[in-house]
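Colleague: Okay, handing you the structure first.
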Amino acid sequence: MSTPNSRANPAFYAVIALLVFMSVGPVILMFMNSFKLDVDIISGTSGLIFMPTIQNYEQALCDVLWYEPEHLDFCSLKFGGAFINSLIIALISTALTLVIGCMAAYALVRFRFMGRDTVSLSTLMVRMVPPAVLLVPVFGLWNNEFCLDRDGIIGGAIRDAFGGRGDVCLAGTHSGIILIYVAMNLPFVIWILQSFIVQVPRSLEEAARVDGAGPFQVFFKVVLPLIKPGLAAAAIFTFRIAWNEYLLASALSDRDTRTVPILIVNNMSEFNVEWGVIMATGMLLAIPPIIFTLLASRQIITGMTAGAVKG
Amino acid sequence: MRTAMANRLTPYMFMAPAAIIMAIALMYPLGYMVWGSFRDWNPSQTIGEAEFVGLKNYIFLWNDPNFHESLGVTLRFAFFVVTIEMVIGVGLALLLDREIRGISLLRTMFILPMMIAPVVVGLMWRYMYHPTVGTFNRFLDSIGLPRVDWLGDYALTSVIIADIWQWTPFIFILSLAALQSLPRSALEAARIDGATGWQQIIHIKLPLMMPVLIVTALLRLIDAFKVLEVILVMTEGGPGLSTEILALRISRTATEFRELGVAAAMSNYLLILLLLLTVGMFAFNRWQEARAARLNALVEEES
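The listed protein sequences derive, respectively, from chains A and B. Okay, so the first sequence: first residue is 1 according to our numbering, each after it adds one. Okay, so the second sequence: first residue is 312 according to our numbering, each after it adds one.
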């Protein structure tokens, strides 16, 4: 395959250029369209030449802007609030998943009270469960079972503080969505981290223990700093799922806890799609993952290969 | 004494949070779903109030033509997506397996589609497939070809193309990693023995990559059954039922038709299907590994 002069082969670079164009093209198209007026998108006479406008972004972000855009008389899209909800949910669930998953992975590797095979098999099993399958039970449980009685002490206190009727349930709260995201992501995080922890030499930990460190100190001061790349990979993957997920969030959230994907889907299902604004919201949703990709592509690839190759 | 006690408890303390959360939010719901699937249950009732109907939901689905249609769509989607992505991804990896300047930048661009929200991917493709303002039909117009009704007549194909766009890089990157970690000595030996490029690929590279390829295909297959948002945004399952994959049908049964019991039974069918696939692939993988180990042992004995 690799003859010495194949490096300079122009066809080879043409293939690569084509691939890059195909994979990045749609993203760039959306980026450009998000700066166009709807008139320009629909008439579409000009591909590259147009007057860029930030009207779409102004309209999307109208509830958090400090000034009132002139072209807008009514702020119908509550994008800013949804963006903040998304941030809260994604960040907290990522942090929780990492801490909990890290501890579990460490215990599984170091104390081996279950075989690694059992773990990787059960991780695979849990990873297999589609979010759609969780929809029905989670909807039922979060609305009916995981509730605090309104006559109880804590439930009563929450009811008094926030008002409303009925019992205090997990559905419609940030914590409800965070709980299911943490549970969904844990198996994957444990799997990835475990393949990194295995590589930490035992002698290091034993040395620390001889110097008088307890098990928790060993974990936090010796093991954690050594598996930073694994943590980064796991963090990005968890964040990505929590940030992008639509289905379960739509079943569990209410008006005040809606996340961005729900907002986008709701706006898409209307008959007359406002392409410019929708693309602007889509772009805003895509920006955090794009930044992560640009900054940490190496960790992402490590995470992907660790998940598949070492599994 | 106290340290010994603490040391013995440590693993359990480290495991406890993960175990508790997964028990409450994963295992309990799954059990709850199995229980609920035997009931005639609508969203306004708690599960205790719902009437127990035995296997009625399962039997209803077994005879329901819409469910068959949706199952067929799901299987077709998963099959085509995984096969085409594997062929293109592995092919590209074999083609591009050489020193490329700026490979890390290339890989960054390739993983971009995977990181973007499925909702946004659906949005981009819905725009590009749009019958009048969409990119593809504009392109066809400009070169004088007739327009194609992408999300109408060819809805399933269009949805498959979008998924291929998003996930082929995943397979490409994994197989490239596998390819570059192959033992150089085997390839050298083959080259010295005069094997052509094709012979090297078929007899050496592919068999050596096989374990990774199987796991990759399995992961893609599992994920192909999870796809929902992209299709929801692009076609909402239509036209008719032509792109309504099971995941989408489950969510519609639960939210639009308000039949939680039927949706739960459908979820169980899907789970059983996935379980069979996973266990099958896992067993196959084990069998392959065992065979490889046996072969290795034979080779070592001979030398």
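Think of the CB as a built atom: it goes at the ideal place given N, C-alpha and C, for glycine as much as any other residue.
Taking Lys367/B as part of the alpha helix (DSSP H), name the residues at either end of that continuous run.
Modeller: If you number the second sequence from 1, residue 367/B lands on position 56. Its alpha helix (DSSP H) spans residues 367-373.
Colleague: Report all residues from its chain with a CB closer than 6 Å to the CB of Ala330/B; omit the five preceding and five following residues, and keep chain order.
Modeller: Reading the second sequence from its first residue, position 19 is the one you call residue 330/B. Nothing listed; no residue qualifies.
Colleague: The alpha helix (DSSP H) with Gly80/A in it runs from where to where?
Modeller: In the first sequence, the residue the question calls residue 80/A occupies position 80. It spans 79-110 - the alpha helix (DSSP H) in which Gly80/A sits, taken as one unbroken run.
Colleague: If we call anything under 9 Å between Cβ atoms a contact, is Ala538/B one with Leu285/A?
Modeller: Walking along the second sequence from the start, residue 538/B turns up at place 227. Walking along the first sequence from the start, residue 285/A turns up at place 285. A quick correction: the sequence has Val, not Ala, at residue 538/B. The answer is no: Cβ separation not under 9 Å.
Colleague: Give a yes or no on whether the minimum CB-CB distance between Ile84/A and chain B is below 9 Å.
Modeller: Within the first sequence, residue 84/A is the residue found at index 84, counting from 1. With 9 Å as the cut-off, Ile84/A does not count as an interface residue toward chain B.
Colleague: Quick one: what's got a C-beta closer than 6 Å to Met312/B's C-beta in the same chain, skipping five residues either side?
Modeller: Indexing the second sequence from 1 puts residue 312/B at position 1. Its pLDDT being 49, under 50, Met312/B is placed unreliably by the model, and the measurement read from it follows with that caveat. Around Met312/B: no qualifying Cβ.
Colleague: Who are the neighbours of Pro518/B on chain A, taking C-beta pairs under 7 Å?
Modeller: Against the second sequence, residue 518/B aligns to sequence position 207. Residues of chain A passing the Cβ test: none, with the nearest at roughly 16 Å.
Colleague: Identify whether Phe363/B lies in helix, strand or coil by the three-state DSSP scheme.
Modeller: Here residue 363/B refers to the residue found at position 52 of the second sequence. It is a strand residue.
Colleague: Cys62/A bridges to which residues according to DSSP?
Modeller: Reading the first sequence from its first residue, position 62 is the one you call residue 62/A. Bridge partners of Cys62/A: none, in fact.
Colleague: Could you confirm whether any beta carbon from chain B is found closer than 9 Å to the beta carbon of Pro201/A?
Modeller: Within the first sequence, residue 201/A is the residue found at index 201, counting from 1. Answer no: the Cβ-Cβ gap between Pro201/A and chain B never drops below 9 Å.
Colleague: With Leu263/A as the anchor, note down where its alpha helix (DSSP H) starts and where it stops.
Modeller: Position 263 of the first sequence, counted from the start, is the residue given in the question as residue 263/A. Taken as a continuous stretch (DSSP letters only), the alpha helix (DSSP H) holding Leu263/A covers 260-268.
Colleague: Determine, using beta-carbon pairs with one atom in the region 102-112 of chain A and one in the region 178-195 of chain A, whether at least three such pairs fall under 8 Å.
Modeller: The region 102-112 of chain A vs the region 178-195 of chain A: in contact.
Colleague: Among Glu611/B, Phe536/B, Leu586/B, whose alpha-carbon lies nearest the alpha-carbon of Phe391/B?
Modeller: Residue 391/B sits at position 80 when you count from the first residue of the second sequence. Per the Cα distances, Phe536/B.
Colleague: Please state if the CB of Lys516/B and the CB of Leu543/B are separated by a distance shorter than 9 Å.
Modeller: On the second sequence, residue 543/B is found 232 positions in, with the first residue counted as 1. On the second sequence, residue 516/B is found 205 positions in, with the first residue counted as 1. No.
Colleague: Could you tell me whether the region 347-358 of chain B touches the region 544-556 of chain B, using the rule of 3 or more Cβ pairs below 8 Å?
Modeller: Touching, no.
Colleague: Per DSSP, Arg350/B is paired with what?
Modeller: By 1-based counting over the second sequence, the position of residue 350/B is 39. BP columns for Arg350/B point to Phe363/B.
Colleague: So, is the C-beta of Ala213/A closer than 9 Å to a C-beta in chain B?
Modeller: For the purposes of this step, residue 213/A is identified with residue 213 of the first sequence, where counting begins at 1. Closer than 9 Å: no.
Colleague: Output the distance between the C-alpha atoms of Val133/A and Val64/A, rounded to the nearest integer angstrom.
Modeller: The residue labelled residue 133/A in the question sits at position 133 within the first sequence. The residue labelled residue 64/A in the question sits at position 64 within the first sequence. Rounded to whole angstroms, Val133/A to Val64/A spans 36 Å at the Cα level.
Colleague: Suppose the cutoff is 8 Å on Cβ atoms and the five residues either side in sequence are ignored; what does the same chain contact list for Ala473/B look like?
Modeller: As a working note, residue 473/B is residue 162 in the second sequence. These residues qualify, in order along the chain: Val432, Gly433, Trp436, Val541, Met545.
Colleague: From Arg110/A to His514/B, what does the alpha carbon distance come to, in whole angstroms?
Modeller: The residue given as residue 110/A occupies position 110 in the first sequence. The residue given as residue 514/B occupies position 203 in the second sequence. Cα-Cα distance, rounded: 40 Å.
Colleague: Hey, out of Pro424/B, Val444/B, Ser453/B, whose CA is closest to Ile482/B's CA?
Modeller: Within the second sequence, numbered from 1, the residue matching residue 482/B stands at position 171. When only C-alpha atoms are compared, the closest one is Pro424/B.
Colleague: With Tyr13/A and Ala280/A assumed to form a contact (beta carbons below 8 Å), what rounded beta-carbon distance in angstroms separates them?
Modeller: Reading the first sequence from its first residue, position 13 is the one you call residue 13/A. Reading the first sequence from its first residue, position 280 is the one you call residue 280/A. That belief does not hold up - the Cβ atoms of Tyr13/A and Ala280/A are roughly 35 Å apart, past 8 Å.
Colleague: Near Phe279/B, which residues of its chain fall below 8 Å by C-beta distance, leaving aside the five closest residues on each side in sequence?
Modeller: Any answer about residue 279/B is impossible in this case: the structure gives chain B only from 312 up to 614.
Colleague: Determine, for Thr293/A, whether the minimum Cβ-Cβ distance to residues of chain B falls below 9 Å.
Modeller: Here residue 293/A corresponds to residue number 293 of the first sequence, with the count starting at 1. Interface residue, yes.
Colleague: Starting from Asn9/A, trace the alpha helix (DSSP H) both ways and give me its first and last residue.
Modeller: By one-based count along the first sequence, residue 9/A stands at place 9. Segment: none, Asn9/A is in no alpha helix (DSSP H) and carries neither H nor E.
Colleague: Counting C-beta neighbours from all protein chains within 10 Å, is the total for Leu372/B 16 or more, i.e. buried, or is it exposed?
Modeller: Here residue 372/B corresponds to residue number 61 of the second sequence, with the count starting at 1. By the neighbour-count rule (16 or more Cβ atoms within 10 Å), Leu372/B is buried.
Colleague: Could you tell me the distance, in whole angstroms, from the CA atom of Leu141/A to the CA atom of Thr564/B?
Modeller: Stepping through the first sequence from its first residue, residue 141/A is reached at position 141. Stepping through the second sequence from its first residue, residue 564/B is reached at position 253. About 18 Å.
Colleague: Could you give the residue range of the alpha helix (DSSP H) that holds Gly214/A?
Modeller: Along the first sequence, read from residue 1 onward, the residue named residue 214/A stands at position 214. Careful: Gly214/A lies outside any alpha helix (DSSP H) and carries neither H nor E.
Colleague: Could you tell me whether the Cβ atoms of Ser297/A and Ser415/B are closer together than 9 Å?
Modeller: Locating residue 297/A in the first sequence gives position 297, where the first residue counts as 1. Locating residue 415/B in the second sequence gives position 104, where the first residue counts as 1. Yes, the pair counts as a contact, with Cβ atoms nearer than the cut-off.
Colleague: Whole angstroms is fine: what's the gap from Arg458/B's alpha carbon to Arg387/B's?
Modeller: Walking along the second sequence from the start, residue 458/B turns up at place 147. Walking along the second sequence from the start, residue 387/B turns up at place 76. If I take the Cα positions, the gap works out to 26 Å.
Colleague: Output, in chain order, the set of chain A residues within a Cβ distance shorter than 8 Å of Arg418/B.
Modeller: Start at 1 with the first residue of the second sequence, and residue 418/B comes out as number 107. Result: Ser297, Ile301.
Colleague: Which residue comes first and which comes last in the alpha helix (DSSP H) that contains Ile533/B?
Modeller: Counting from 1 along the second sequence, the entry for residue 533/B is found at position 222. Unbroken alpha helix (DSSP H) run through Ile533/B: 517-535.
Colleague: Just to make sure I have the definition right: I need the residues of chain A whose C-beta is within less than 7 Å of the C-beta of Pro340/B. Which are they?
Modeller: Position 29 of the second sequence holds residue 340/B. Those are Leu134, Pro137, Val138, Leu141, listed as they occur along chain A.
Colleague: What are the boundary residues of the alpha helix (DSSP H) that Val218/A is part of?
Modeller: Here residue 218/A corresponds to residue number 218 of the first sequence, with the count starting at 1. First-last for Val218/A: undefined, no H or E at that position.
Colleague: Report the option in Ile471/B, Gly572/B, Leu559/B whose CA atom is closest to the CA atom of Glu396/B.
Modeller: In the second sequence, the residue the question calls residue 396/B occupies position 85. Selected option, being the one with the closest Cα: Ile471/B.
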